[in-house]
Structure formats: structure tokens, C-alpha cells
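A.B. asks: Sharing a structure below in C-alpha cells format, with a few things to ask.
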Amino acid sequence: MKQGRGSCRAATPPAVLGLVGLRAGGGVPGSASPAEAILSLGGLLVLLIGAWARGHRPALTASWLTLAAGAAALWSAPVPPASSPFFGLILCDPFSLAFRWLALGTLAIVLLLASASRELAAAVRGECYGLLLLLGVGLMLMAEANHLLMAYLAMELVSLSSYVLVGFLRERRSAEAALKYLLFGALSSGIMLFGMSLLFGLTGSLAFPDLQAAVAGTGGPMARALLVAAALMLAGLAFKISMVPFHMWTPDVYEGAPAAVTALLSVGPKAAGLALLLRLLEALAPLWASLSPLLLALTVVTMTLGNLVALVQTNVKRLLAYSTIGQVGYLLIGLAVHTRVGHEALLVYLVAYLFMNLGAFACVVAVMNGTGSEALEAFRGLARRAPGLSLAFAVFLLSLAGIPPLLGFVGKFLLLGSALDAGEVALAVAAAVNSAIALYYYTNIIRLMYFAPPAQAEPLSPSPSPALRLALGSCAAATLALGLWPGPLLELISRLAVVRLL
Amino acid sequence: MTPALLWIPLLPLAAFALLITCGRRLAPPVAGWVAVAALAASAGATLALAEPVLRGQRLAVRWAWLSAGDPRWALGLAVDGLSWLMLAVVTGVGTMIACYSIGYMRGDPRYPRFFAYLALFCASMLGLVLADHFLLLYACWELVGLCSYLLISFWFEKPAAAAAGRKAFITTRIGDAGLLAGILWLAWAGGTLQFDALAGLRETLSHGLLTAISLLIFLGAVGKSAQVPLHVWLPDAMEGPTPVSALIHAATMVAAGIYLVARTLPLFTPESLQVVLAVGLLTHLAAGTVALTMTDIKRVLAYSTISQLGLMMTALGLGAAALAMFHLTTHACFKALLFLGAGSVIHATHEQELGRLGGLRRAMPWTAAVFLIAAVSMSGVFPLSGFWSKDAILLAAQHDGPPWLLGALLAGAVMTTAYVFRLYLRCFHGAPAPHAGHESPLIMVLPMAVLALGAAAVGLAGSPWLAHPLLHLLGLTQIHAGIDVPILLWSTLAAAAGLWLAWSVGVRRARPLPAALRPLGTRLYTWAANKYYVDEWYQRLIIGPYLAAARGLSRFDLRVIDGAVDGAGLAGRALAVWKERFDRLVVDRLVNGTASAVRLAGAGLRWVQTGIVHQYLLVVVVAVVVVSLVLK
């Protein structure tokens, strides 16, 4: 029996912990995760309030209080360079801190969208808020996971909450989407579990730092088996981040889910999944030479497929689903080049993606509230019916397309730069060509809004609610302001920079 | 003090934002007063800065912009004597002109929009003056160009106004391109775009490089300040509302070029200064002769501005930045006043042809009085403002310039007096014209009165009587003490000669030339009256061939390039359609069955569910197997 290093030091080493690489006594759950604890408790509480209270206001208030408390806890918690509480199951380092903030930000904006969305008005919204908070916990834990067990649990928390959220509407479409998602997800996590058990059999540990050491020491025929294990685990994560060829659920689920949930799915799990993928790849770093050609190829295929198919979509949620696949392709550049510059660019682009994509979905929610339609035709002549909304949507779309001076440009510029920096000229060229293709369908919406005559002349009604205005305004302000003055953001991210992932 | 610094450009900018967004909801005069209040507050903030600046302090506020390890990209605002003087001119004259516009623009359908543009114009000019970095200056420089376009073609229903706006924009763009090239070259060669580092570059950069860069920067100034050969836009810009002309000619647009050269004078080598001097002098004299022949009030004033800007460039060419800025200040006062007076006449009579005006002195006594003050000041008559600034330049020409320069400048002074008095006498004296004028309302007269005070007395700040505080402010230390009597006599003589010419030739139509020289005189007159055919030459030599080339290229573009691009686009679209079809027909049908069939036939749902599980397994498992096999 192979024992983890930590268990040797512990006074009373529980054998079962050592078996899976847990470090007994490796840390006290003190300062590290109060934010997650608050969000979990708050989430459960909101579920209860949602079940008992009349209307959704009490649950919403409780959600905001929870979110604020969580943010305060995250803000005030000291961040040591790295600490691994909970027996080394999670790792609190600056890298995960960035992703925890991203998760909180996503959660806040999605909460605004969910509370303002008209299609959710008939549903039991209290439950929805509680599930959102729990999903947020899962996202944060995914970014922090330092152990395959934790990674799996966090992913399942995210997945299970999303299955319910996707099927939240009392429509057949929504139920069907949830079912598809569930089935695809179950299969993927099964495959991933298979990979994990294979890996455990080969290395005798599930903790990332031990894995790295063990993988480095494995040679001969076992190396081949390691690659198979890696491929199986990659499949599970690829499902979460909609990487081709595990993307097929994306358009169907995005189309069927409530728009607010789609917004969450398009940002939250993508960010957390990329964080986990980064850590996992670091743990499997000795295999990098074999994995990198595959990752590079899938990166190019992902962005190309997403952008090409988006060209011919007529439903805005489906279009944004394919756009998400394309954007994930860009994000994967930062991962595939495997340099520090690439990781920084990935983080910058994730921040940009958070604001611009959630903002775009906020616009979709506003238009759906006003017209009840999610067809592209609903955007025809929108500029005359809702000028402010159209302007904001145009900003988000142009930012998604990577037009200066918006934040999306800064992120994409850095990603392309990191590709060139790493000598991956073909990758950079592919991304540039893809940007050109993507510009077509993004500007097509702008053309519809500004240059096509509207079907109806009267102003959009109801005009966006205050919550929606807040979401739109903050996303637009961040997209524009950080695009004009990216200095502070870049500085912050280079300080959080990923010196060591394990 | 730094907050005040930030408020100076931000207040007019805020007024612009307010007026452009909800101007239509404000009652017309309120919109005007918003702009006036913002400009006046900026003027107040400028005054608040006076004390430290007069003590020689340099106030600055900087912030990091894209500071990813490179200090070059820190932008900032800074005030020293030079920029403080410009601030005072822009905010002071701007406030008066905005105030005047409240009366002048009354009843215009786009009243709030006019004041929004006016505020933005001033805000960009203030930003330009305050910038301590070439990049920020260039951004504001382009904003100034944009605002001039918007305001010149403000009455865009008139084709002439729309064309004039376009002409101004495109002509100044030629200069802007030079400026941009100069800035980029400077950034590449010198490694800094900070204004306070320019003096240091003189030692590090080679002589030839400096000459090239400074000439490119000067090209920008030639465009903006309407120097030969890029002066053609300024007379056409008269199509804009008259307050706009006043603003462009006095405070904002054309002053930017002079300011730019004064600011970057450390970069100019003796060779490039020679070019500046030559261009300035040529502009001064050529525009002066054209002004003598024009018969439209505003065009006379337009050419007079070009001529005076030439005089300032001449001073810059002598290396006397302080004197150029001094003349810019006094010129801002009397030229703004002349334009506002002209506007007052046009407002009252709806006439701007000299031949159909006359005798307005009785109907418009206030306008006539302030116009006279401005004319006398411009002629450089002792001891009004124009005298001090013009005399300082004459003195510098005598000391630092070639011997003939003083003569040339005196000839220019004769012309200056001649055209401005020809204008004054034919407008306000003589037989009353059919148009019965009336005095303008108080809201227009009051700003003119304030400017008249400036036109009379601002020059004293640079006079030996008050020990030259203005010139000290501009960093000039060696100043001629006292009044140089020969120069005083010469310039008075020039003014008197000009006055005689205006009276005898301009009004009385006397023919002073001997008969033998008359054909030559007539020919010269025709040339000047046709502005030396510059526009026609441009049309024939540049615009015509350019358009022909553009037409040819367009044809090439339409047939060859568009064909290729369309082909590529169609191919891409076909590929996308194919892929989509594959995704939809093959993948979706394999995996989902058709979703629409599910919705239509609810009974089929159970069947689809089983299908999904099966097909999901298939696709995902196949993918995993393939990936595992591919990995080596």
C-alpha cells in the first residue's frame, strides 16, 4: 500500500485517508473557506425560505445577503501564497482566489437576471435562487480542488444544480433540455470516474501534487495506460466546457433552458472547468508532450466549428450557444500554449468574457421580457424601440467580436499574443480567421437592430426593470471602462499570476 | 490645485454630455446658459490657477494608462505659463462667444445641439492645451477637427455649408496625417512623447532627424492654422454660423496650430525654423492682398485671420514663441470682436456683401463703436492691444531676422490697416444702404463690450508700462526695455498709410497708380480677387486626378476584389451551411431525432428518449475511444 506523504507526519494517520492521498492534519478549515461555507448554508436557507415564504422577495433578499456575506468573507480572508485546508482536498492560492471572485461575480449578475426574467416569474423562484447559490459553491470548489475526489464532488454539485435549473420552466422544451443534459452529463461523469479510477490504480493517489510525482515516475507500458486515463478524464471536463466533440448538448440545452440559466451555464462552469483543467493538466504535466498536439487540434476545431455553425442560426440563444463554443475555443488558446503569458491572457479574457457574455444575455432577457420571442427577428429595428438596450447589446457584441477599445479586444489581443509568444503561429492565424468569421454573425445582429425596419414602432414594453438595468449598466461599464483602461486589471492579474498551480 | 485642473476641460465636457442627451427637453435659452455656465466655471477654475502659475509653478496631474511596465503610457494634464495663457483665452473668449450665441442663434431649430457642439469644441481645445503628452494632444486635436466639421456644417441643409465642413475636415486631415507621422516617428526614435522631455531630445536625436520630425509636426500646424498651402478651408468655413467663425478664428481651432509649434519649439532646428518663417511670411502677405479685394464681410475677416496667423508663424520662425503667443492673445480679443460685430451686422441686415451695406453707424452705434475699437487695435495703433504685440514682433524681426524682413512686415501692416478700415468705412459710414439695420439685443452687445475692453487693454499686460508680466509668464527673460521709438514711428506711419489707402482706394475708388502701371495693377487685382486660383489649381492638379484614380480603383475593386471576396464569402457560407446541415441533419438526427417532430408528436417523446441515450453513448464513447487511440 502506498501512503501519502502527509500521513507519515500525522500523529495518528488514518489509513484510509492516506490511501487516497489525503494529508491528515493538513489544515484546519479556519480562514480558508468561510465564503463557501456561507454560500452553502445560505443556499440551503434560501431553499427553505423559497419553499415556505410567499412570493420570491424574501428568498431574493436572503440570496443577496448571502452573496454579500460571501463576498465580504472572501474579501477579508487573508490569502497566504498557498494553503491547503481540509486535508489537502482544496488549495487556496491566488489562482483560485481569482476564480472564486469570477464565480461570485457571475452569480451576482445571474441573480439579477433571474429575478428580472419574466419567463421564470411563474416558477418557484426561491428554489431557483437557492440552487444558484449552491451551484456557485460548486464553481468555487472546482477552482480550488487539489484532489480528484474534491474535483469530482464539485463538478457533480455544479452539474446536479444545473440539471434542475435547466428544467425549471414548465415547458416540454425545458424538460427535454434538462433530460438531455442529465444523460450527457451522467455519461461524461461516468467516463471521468473511470479515468480517475484508472489513474488511482496506476499511481496510488488522487491528490494532484502526488499525482504529478507519480506520473513523472511512470514509464513503459504503464505510460500508455496513463494516457488513456488522461483522455477519459479530459472527456469529463471537455463536456463541462463544451469543447468539441463533447459540445453537442450545448445548443439544445441553451435553447431549452431559461435565459438566465443559460447565461450562467455559458460563463460559470466554463471558467471553473478551465481552472480545473489547468490544475489537472499541471498534475499530469509529465504527459504534456503527448497531450499538447491533441489540445491544440481540439482548440482550433472548437473555435472553428462554433463560429461556422453560428453563422446560420436564427434563434439568438442557439446563436449564443455556438458563439460560446467559439469563445471557449479562444479561451483554450491560453491553456494550450501552456505558458505563464497564456495563463494570464486566459484570466483576462475570462474577465472580459464574464462581462460581455452575461451582458449579452441580459439583453436577451430584456428582449424576451418585451417581445416574448427569442428569434433573431425580434431584434429587427430594436434601435428605434429601445435605443439604450440596443447600444448596450452592440457594445457587448462588438466586444465579443474583439473590436477595440472594448475589453474583449484586450483579452483577445493578449491571447493571440501569447500564441505568437509561444511560437504557435498557426494557432494565432486560426484564431484571427475565426475572429473575422465571428464578426459576421455578431454584426449581423447589430445590422438587424440598427438598419432593419422594425415590425412594430412602439417602444419596447415593459422597458428593462431596474435589476436588469443594473446588470446591463455594470456589464457595459466594465466592458468599456476596462477596455479603455486595462492597466489596473492587467496589473492585478499579473500579481495573481499563476506562478505555481499545485 | 489639481482638482481645478481637472475641472477645466471636464465642465464643458459635462455640459456637452448633458446637452446632447437631454438638450431637447430644456427650453432654448436654458440650453445656452448651461454652456455659458460651464465655460464661465472653467474660466473661474483657470483664474484660480493663476496665482501658482504666475509664480512660475508647473501644476500637473498624471494617471497611468496601460501602465503594464511601460512608463511612456502615463497620460496627464499640466499647466505652465504657456498653457495657462491659452486656457485663459479659450475660456474667456469662449464664454463671451457662447453668451453672444444665446442671442444670435435664437429661434434655430437645433439650438441645444449648437451649444452641445460648442461646449465639446471648447472642451477638446482645453484638453489639447492641458495635455502633457503627445498622445492625448493628438486625441484632442482630432476632436477639435471633428467639432469644427460639425459646427461649420451646422446648417447642413445648405449644400455650401455641408461642402465647407467636408473641405475643412479633409484639408486639415492632410496636416493631421503629417502630425501623426511626426508623433509616431518621435515615439520610435526618441522613445518618449512627454512634453517635458522634449528639450532633452535635442541632445540625443540627430539634427536631420529632428528637422524631419519638426517639419512633420509643423505640417499639422499648417493644416490647423490655415497656412499656405493648406489655407483653403478657412474662407469656406464662413458658411458656419458667425459665432462659430469667431470661435474658430479666435480661440479654438486655428490657435491650436500656433500653440502646437510654440509647445514643441525645442524640437525645431534652425532649418525647420527657416521653413516656418517662410511659410508664415508668405501666408501673411498673400492673405493680406486677398483680404484687400474681398467684398464679403466674413471673407475679408477670414483672409485677415489667415494673414495674422501668418504673422504669428513668422514670429515662431524667429524663435520667439512668447511673442507669437502674445499676438495670439490680443488677436483672439480683436478678431473675436470683429466677427461678433460682423455677426451683429448680418443679424440685423441679413446682408454680408459690402456693396449693399453702408451707413450703419447711426442704426447700430454700439456695434460701430466696438468694431472701430477692434479695427484700431488690429491696425496696431498706439497704445491699444494690437500695437504692443505687433510691435514686439517687428522689434524681434529687426533684431533677429534678415534686414528685409522688417520691410515686409511693415508692408503687411499697411495692408492690415487698409483692409480692416475698408471694411469698417464701407459698413458703417457712407450713404445708408437700403437695409435698415437695428441694434442687436443686450445679450449680444454685452459680450462685445467685454471683448472691446480686452481688445483695448489686454496688450498692456505685455507692455513695458506694466513691466511685461505676460512675457515673463511665457518664460521670456530678455525683453527690450521701454518703447522703441523708431519702430513706434514706423508702425504708426504704416497704419496711417493703410488708413489713407482704405479711404482713397477702398471707399473713394481713387486710382493712385500711374497709367503705365495700370494693366499690371489690374492683373494683380484679378489674381488676388480670385485668391490666386489656388482652389482651381487644386481642383485641376490634385482633386481631378485623384477622383479619376479613385474611379478606376473602384472599378477594379468592384470587378476583381469584390468578386474574390464574394467568392470566398460564398464558399465560407456554403461550408457553414454544409456543416450546419451536417450538424442538424446528421448529428442532431442521430442524437436527438428531430426536436420538432418530438414537439409535434408528443407520443414520440418516449421513443426519442431511448434514442438519445443510445446515440449519446455512441458519439461520446466513440470520441473517447478515438482520443485515447490518437494519444501517443
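Residue numbers (the working numbering), protein chains in the order written: chain Y, 489 to 990; chain W, -2 to 629.
Cβ coordinates follow ideal geometry from the N, Cα and C atoms, glycine included.
Using the C-alpha atoms, what's the distance from Leu823(Y) back to Leu769(Y)?
C.D. replies: Computed Cα separation, rounded: 9 Å.
A.B. asks: Taking C-alpha atoms, which residue in Ala32(W), Ala11(W), His469(W) lies nearest to Leu79(W)?
C.D. replies: Considering only alpha carbons, the answer is His469(W).
A.B. asks: Going by C-alpha to C-alpha distance, which of Asp581(Y), Gly890(Y), Glu607(Y), Ala863(Y) sits closest to Asn857(Y)?
C.D. replies: If we check each option's Cα against that of Asn857(Y), Glu607(Y) comes out closest.
A.B. asks: Quick one, which residues of the segment 727 to 741 of chain Y are near chain W if we go by CB-CB under 7 Å, in chain order?
C.D. replies: Going along the segment 727 to 741 of chain Y in chain order, one finds Pro733, Phe734, Met736, Asp740 with a Cβ nearer than 7 Å to chain W.
A.B. asks: Since Glu577(W) meets chain Y, which of its residues come closer than 7 Å, beta carbon to beta carbon?
C.D. replies: What Glu577(W) touches in chain Y: Val797, Val800.
A.B. asks: Does chain W have any CB closer than 8 Å to the CB of Leu657(Y)?
C.D. replies: Not an interface residue.
A.B. asks: Using a Cβ-Cβ cut-off of 8 Å, state whether Leu980(Y) counts as contacting chain W.
C.D. replies: Leu980(Y) does not count as touching chain W.
A.B. asks: List the residues that DSSP assigns as beta-bridge partners of Ser571(Y).
C.D. replies: Per DSSP, Cys580(Y).
A.B. asks: Which residues in the same chain as Gly495(W) place their Cβ atom closer than 6 Å to its Cβ, once the five residues preceding and following it in sequence are excluded?
C.D. replies: These residues qualify, in order along the chain: Val411, Thr414, Ala415.
A.B. asks: Between the segment 955 to 974 of chain Y and chain W, which residues of the former have CB atoms less than 8 Å from a CB of the latter, in chain order?
C.D. replies: Hits within the stretch, in order: Trp973, Pro974.
A.B. asks: Does DSSP classify Ala507(W) as helix, strand or coil?
C.D. replies: Three-state DSSP puts Ala507(W) in coil, outside helix and strand.
A.B. asks: In angstroms with no decimal places, state the Cα-to-Cα distance between Pro875(Y) and Asp554(W).
C.D. replies: Near 35 Å, if we compare the C-alpha coordinates of Asp554(W) and Pro875(Y).
A.B. asks: Alpha carbon to alpha carbon, how far is Leu599(Y) from Leu977(Y)? Give it in angstroms, no decimals.
C.D. replies: So the alpha carbons of these two residues sit roughly 24 Å apart.
A.B. asks: To which residues does DSSP link Val76(W) through a beta bridge?
C.D. replies: Answer is Leu56(W).
A.B. asks: Quick check on Glu348(W): does DSSP put it in helix, strand or coil?
C.D. replies: Glu348(W): coil per DSSP, three-state reduction.
A.B. asks: Counting pairs of beta carbons, one from the segment 485 to 502 of chain W and one from the segment 96 to 112 of chain W, are three or more of them closer than 8 Å?
C.D. replies: Judged by Cβ distances under 8 Å, the segment 485 to 502 of chain W makes no contact with the segment 96 to 112 of chain W, as fewer than three pairs qualify.
A.B. asks: From the DSSP output, in three-state form, read off His204(W) for me.
C.D. replies: In the structure shown, His204(W) sits in a helix (DSSP, three-state: H, G or I).
A.B. asks: So which residues on chain W does Leu686(Y) lean against when the C-beta distance must stay under 7 Å?
C.D. replies: Per Cβ cutoff of 7 Å: no residues; Leu686(Y) is ~11 Å from chain W at best.
A.B. asks: Helix, strand or coil for His228(W), going by three-state DSSP, please let me know.
C.D. replies: Coil, per DSSP.
A.B. asks: Sorted by chain position, which residues of the same chain lie with C-beta nearer than 6 Å to Gly655(Y)'s C-beta, five sequence neighbours on each side aside?
C.D. replies: Ser662, Ala663, Ala666.
A.B. asks: Give the straight-line distance between the Cα atoms of Leu148(W) and Leu592(Y), rounded to the nearest whole angstrom.
C.D. replies: So the alpha carbons of these two residues sit roughly 48 Å apart.
A.B. asks: Could you check if Glu200(W) is buried or exposed, using at least 16 other CB atoms within 10 Å of its CB as the buried criterion?
C.D. replies: Under this definition Glu200(W) is an exposed residue.
A.B. asks: Between Ala964(Y) and Ala880(Y), how many whole angstroms is the CB-CB distance? I'm expecting something under 8 Å.
C.D. replies: About 5 Å separates the two Cβ atoms, so the contact holds.
A.B. asks: Nearest to Val241(W) by alpha carbon, out of Thr346(W), Tyr114(W), Trp230(W)?
C.D. replies: The residue with the shortest Cα to Cα distance from Val241(W) is Tyr114(W).
A.B. asks: Using the Cα positions of Ala1001(Y) and Ala184(W), report the straight-line distance between them to the nearest angstrom.
C.D. replies: An answer regarding residue 1001(Y) cannot be provided, because it is not within the stretch 489 to 990 covered by chain Y.
A.B. asks: I need the DSSP call for Ala611(Y), collapsed to helix, strand or coil.
C.D. replies: Residue state, collapsed to three classes: coil.
A.B. asks: Taking 6 Å as the limit between beta carbons, can you name the residues of its chain near Gly162(W), skipping five residues before and five after?
C.D. replies: Excluding positions up to five away in sequence, the list reads Tyr146, Ile149, Ser150.
A.B. asks: Would you report the Cα separation of Ala321(W) and Ile94(W), rounded to the nearest angstrom?
C.D. replies: When rounded, the distance between both Cα atoms is 23 Å.
A.B. asks: Ignore the nearest five residues each way along the sequence and tell me which others in Leu471(W)'s own chain have a CB closer than 8 Å to its CB.
C.D. replies: Correct list, in chain order: Gly78, Leu79, Leu82, Ala318, Ala319, Met322, Phe323.
A.B. asks: For Ser593(W), which residues in the same chain have their Cβ closer than 8 Å to its Cβ, ignoring the five residues on either side in sequence?
C.D. replies: Low per-residue confidence applies at Ser593(W): pLDDT is 47, beneath 50, and the placement is therefore not dependable, though the value from the model is reported in the following sentence. Here the set comprises nothing.
A.B. asks: In three-state DSSP terms, what is Gln944(Y)?
C.D. replies: In the structure shown, Gln944(Y) sits in coil (DSSP, three-state: anything other than H, G, I, E or B).
A.B. asks: Is the CB of Ser625(W) under 8 Å away from at least one CB in chain Y?
C.D. replies: Closer than 8 Å to some Cβ of chain Y, the Cβ of Ser625(W) qualifies, so yes.
A.B. asks: With a cut-off of 8 Å, does the C-beta of Ser995(Y) fall near any C-beta of chain W?
C.D. replies: Because chain Y is modelled from 489 through 990, residue 995(Y) falls outside the range shown and cannot be assessed.
A.B. asks: Suppose you measure from the CA of Ala430(W) to the CA of Val258(W); what does that come to, to the nearest Å?
C.D. replies: Using only the alpha carbons, I get a separation of about 44 Å.
A.B. asks: Can you confirm whether Val625(Y), when its beta carbon is compared against all beta carbons of chain W, has any partner nearer than 8 Å?
C.D. replies: Chain W, which has no Cβ nearer than 8 Å to the Cβ of Val625(Y), makes this no.
A.B. asks: Should the segment 674 to 685 of chain Y be regarded as contacting the segment 628 to 640 of chain Y, the criterion being three or more beta carbon pairs within less than 8 Å?
C.D. replies: Touching, per the Cβ criterion.
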